[in-house]
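S.K.:
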């Protein structure tokens, strides 16, 4: 790598801007907006037969956050039909979504499965303390996890800072999922072909990374309905997903785990109907008209989750997992860490491939979720020595 004295080090986690390497050439603002608004796939996609060997989930356990409605609910229904034990990780007090108990009963009935095959576990992604309780409860269960779908999300509607000090969109769409993954990863060690699916978005193309403004400290415009904060969080989540895959591929315990970030499509779900929004009536009327005219339904939106979680071509080749085999160090990074736009592996922002910015984001997450204090992520590889040597401290 070329000299990088002009950029912050990996430990400058509150620096101004993204601190990209000189070799990273960001897209222009106009091209970012073009990709943000014109990259959706509106085709009606046929779902794979869940009885086929590659899609049969008998004996598997799946956790899906935000699964009492929308694409999470539809994905849970598919996994249940495919034979999995499905854990609906949901808020129990949502006011503008289906009651989680009703969702669980509906999935059991529609899938025609035993009541015990669909569980409801309370989770609140606005609170890292709540994520910790969920994570510890899962760890104490001693169960093996095969598929984790980090799907809960929102566009906050207005600027809100949580009691823990985080901007609401930031913690719900990003930080909570990072901490949840840290807690649940150890339970994936014994799974033969585990996957982590993170609901990102094509809107990551409109995101910004400023380490000094991740909780809107600079009071920059957050856009109508906090859409800019939404875009930002999805860019960070995709960057973190790729970095997670890279680190897992270097771990003796986790080399067989595959991670993907997905875009479910332009879906007509509850994400567009936040009761806290301060958007004007006319703007909401226009948005609802666009959603009703162009959006795909939640079942079609769930396709991306199922495809990324079960499609053989998006996992490790069977020869690398049969008989207890694991891929070589670094090998799984060739197969995972994709951005899956519904049913295709799509391009992604140049920032996503900047190893220094990704590593600095990883470091910032460790600090924000208090990973050391909580005793998580200690078994994951550290930064590359070559990355530690980059940049110059700005502190």
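Residue numbers (our numbering): 15 to 409.
Note that CB positions come from ideal geometry on N, CA and C, so glycine has one too.
(1) In three-state DSSP terms, what is residue 135?
(2) Are there 16 or more other CB atoms within 10 angstroms of the CB of residue 48, so buried, or fewer, so exposed?
(3) Based on DSSP bridge pairs, tell me the residues matched to residue 354.
(4) Grab me the residues of residue 335's own chain with a C-beta within less than 7 Å of its C-beta, minus the 5 sequence neighbours each way, in chain order.
(5) Near residue 401, what residues of its chain come up, given a Cβ to Cβ distance below 7 Å and the 5 sequence neighbours on each side ignored?
(6) Let me confirm a value: residue 21 is counted as buried when at least 16 other C-beta atoms fall within 10 Å, else exposed. Which label applies?
(7) If we call anything under 8 Å between Cβ atoms a contact, is residue 211 one with residue 319?
(8) Please name the residue or residues paired with residue 181 in a DSSP beta bridge.
(9) For a test of the three-state rule: what should DSSP assign to residue 158, helix, strand or coil?
(10) Taking the alpha helix (DSSP H) that residue 102 falls in, what are its first and last residues?
(11) Can you list, in chain order, the residues of its chain with a C-beta nearer than 7 Å to that of residue 313? Leave out the 5 residues immediately preceding and following it.
(12) What number of angstroms, rounded off, separates the C-alpha of residue 331 from the C-alpha of residue 323?
(13) Quick one: grab the DSSP three-state call for residue 44.
(14) Starting from the C-beta of residue 135, find all residues in its chain whose C-beta is less than 6 Å away, skip the five residues before and the five after it, and write them out in chain order.
(15) Between which two residues does the alpha helix (DSSP H) harbouring residue 332 extend?
(16) Taking 7 Å as the cut-off, is the beta-carbon of residue 43 closer than that to any non-hydrogen atom of the ligand ATP?
(17) Taking three-plus beta-carbon pairs below 8 Å as touching, is the segment 119-126 in contact with the segment 168-185?
(18) Which class does residue 55 belong to by DSSP, given the choice of helix, strand or coil?
(19) In whole angstroms, what separates the C-alpha of residue 33 from that of residue 259?
(20) Which residue wins for smallest C-alpha separation from residue 220, given the options 132, 395, 28, 53?
(21) Taking only the alpha-carbon atoms, compute the straight-line gap between residue 358 and residue 55 and give it to the nearest angstrom.
(22) Assuming residue 274 contacts residue 194 under a Cβ cut-off of 8 Å, what Cβ separation, rounded to an integer in Å, is found between them?
(23) Between the C-alpha atoms of residue 355 and residue 383, what's the straight-line distance to the nearest angstrom?
(24) Within 10 Å of its beta-carbon, does residue 204 have 16 or more other beta-carbons around it, so buried, or fewer, so exposed?
(25) What separation, rounded to the nearest whole angstrom, lies between the Cα atoms of residue 180 and residue 66?
(26) Can you tell me whether residue 352 is buried or exposed, with buried defined as 16 or more other CB within 10 angstroms of its CB?
(27) I'd like to check one pair, residue 249 with residue 365: are the Cβ atoms closer than 8 Å?
(28) In the DSSP assignment, find the unbroken beta strand (DSSP E) run with residue 209 in it and report its ends.
(29) Rounding to the nearest angstrom, what Cα-Cα distance links residue 157 and residue 163 in this structure?
(30) Have a look at the DSSP bridge pairing and note the partners of residue 76.
(31) For the candidate residues 132, 79, 197, 126, whose alpha-carbon lies nearest to that of residue 388?
M.R.: For this structure:
(1) The residue given as residue 135 occupies position 121 in the chain shown. The answer is strand: DSSP assigns residue 135 an E or B state.
(2) Locating residue 48 in the chain shown gives position 34, where the first residue counts as 1. Looking at its Cβ environment, which holds fewer than 16 other Cβ atoms inside 10 Å, residue 48 is exposed.
(3) The sequence position of residue 354 within the chain shown is 340, counting from 1. The bridge partners DSSP lists for residue 354 are 276, 359.
(4) In the chain shown, counting from the first residue as 1, residue 335 sits at position 321. Excluding the 5 residues flanking it on each side, residue 335 has same chain C-beta neighbours closer than 7 Å at 206, 207, 270, in chain order.
(5) The residue you call residue 401 lines up with position 387 of the chain shown. Answer for residue 401: 24, 369, 370, 373, listed in chain order.
(6) Position 7 of the chain shown, counting from 1, holds the residue named residue 21. Its Cβ being crowded by 16 or more others within 10 Å, residue 21 is buried.
(7) In the chain shown, counting from the first residue as 1, residue 211 sits at position 197. In the chain shown, counting from the first residue as 1, residue 319 sits at position 305. Yes, these two residues count as a Cβ contact at 8 Å.
(8) The residue labelled residue 181 in the question sits at position 167 within the chain shown. Partner(s): 175.
(9) For the purposes of this step, residue 158 is taken as the residue at position 144 of the chain shown. Reduced to three states, the DSSP call for residue 158 is coil.
(10) Within the chain shown, residue 102 is the residue found at index 88, counting from 1. Counting along the chain, residue 102 falls outside any alpha helix (DSSP H), though it belongs to the beta strand (DSSP E) covering 99-104.
(11) Your numbering for residue 313 matches position 299 in the chain shown. By the criterion of a C-beta distance shorter than 7 Å, residue 313 is surrounded in its chain by 88, once the five residues flanking it on both sides are discounted.
(12) If you number the chain shown from 1, residue 331 lands on position 317. If you number the chain shown from 1, residue 323 lands on position 309. If I take the Cα positions, the gap works out to 14 Å.
(13) Numbered from 1 along the chain shown, position 30 holds the residue referred to as residue 44. Helix at residue 44.
(14) Working through the chain shown from its first residue, we reach residue 135 at position 121. These residues qualify, in order along the chain: 101, 103.
(15) Translated into positions along the chain shown, residue 332 becomes position 318. Where residue 332 is concerned, there is no enclosing alpha helix (DSSP H), given that its DSSP letter is neither H nor E.
(16) Looking for the ligand ATP in the displayed structure turns up nothing, as the structure carries no ligands at all.
(17) no
(18) The sequence position of residue 55 within the chain shown is 41, counting from 1. Residue state, collapsed to three classes: coil.
(19) Along the chain shown, one-based indexing puts residue 33 at 19. Along the chain shown, one-based indexing puts residue 259 at 245. If I take the Cα positions, the gap works out to 21 Å.
(20) Counted from its first residue, the chain shown places residue 220 at position 206. The shortest C-alpha separation from residue 220 is found at 53.
(21) Position 344 of the chain shown, counted from the start, is the residue given in the question as residue 358. Position 41 of the chain shown, counted from the start, is the residue given in the question as residue 55. For residue 358 and residue 55, the distance between alpha carbons rounds to 9 Å.
(22) Here residue 274 is taken as the residue at index 260 of the chain shown, counted from 1. Here residue 194 is taken as the residue at index 180 of the chain shown, counted from 1. At roughly 16 Å, the Cβ-Cβ gap does not stay under 8 Å, so residue 274 and residue 194 are not in contact.
(23) Position 341 of the chain shown, counting from 1, holds the residue named residue 355. Position 369 of the chain shown, counting from 1, holds the residue named residue 383. Approximately 29 Å between the Cα atoms of the pair.
(24) Position 190 of the chain shown, counted from the start, is the residue given in the question as residue 204. With a 10 Å radius around the Cβ and a threshold of 16 neighbouring Cβ atoms, residue 204 comes out exposed.
(25) Taking the chain shown and counting its residues from 1, the one referred to as residue 180 is at position 166. Taking the chain shown and counting its residues from 1, the one referred to as residue 66 is at position 52. Answer to the nearest angstrom: the Cα atoms are 44 Å apart.
(26) In the chain shown, counting from the first residue as 1, residue 352 sits at position 338. With 16 or more Cβ atoms within 10 Å of its Cβ, residue 352 is classed as buried.
(27) If you number the chain shown from 1, residue 365 lands on position 351. If you number the chain shown from 1, residue 249 lands on position 235. Closer than 8 Å, so yes.
(28) For the purposes of this step, residue 209 is taken as residue 195 along the chain shown, with counting starting at 1. 209-213 is the extent of the beta strand (DSSP E) around residue 209.
(29) Residue mapping note: residue 157 aligns to position 143 of the chain shown, counting from 1. Residue mapping note: residue 163 aligns to position 149 of the chain shown, counting from 1. In a straight line, the C-alpha of residue 157 is about 16 Å away from that of residue 163.
(30) In the chain shown, counting from the first residue as 1, residue 76 sits at position 62. For residue 76, which the question treats as bridged, DSSP gives the partners 100, 161.
(31) Residue mapping note: residue 388 aligns to position 374 of the chain shown, counting from 1. For the residues 132, 79, 197, 126, the minimum Cα distance to residue 388 belongs to 197.
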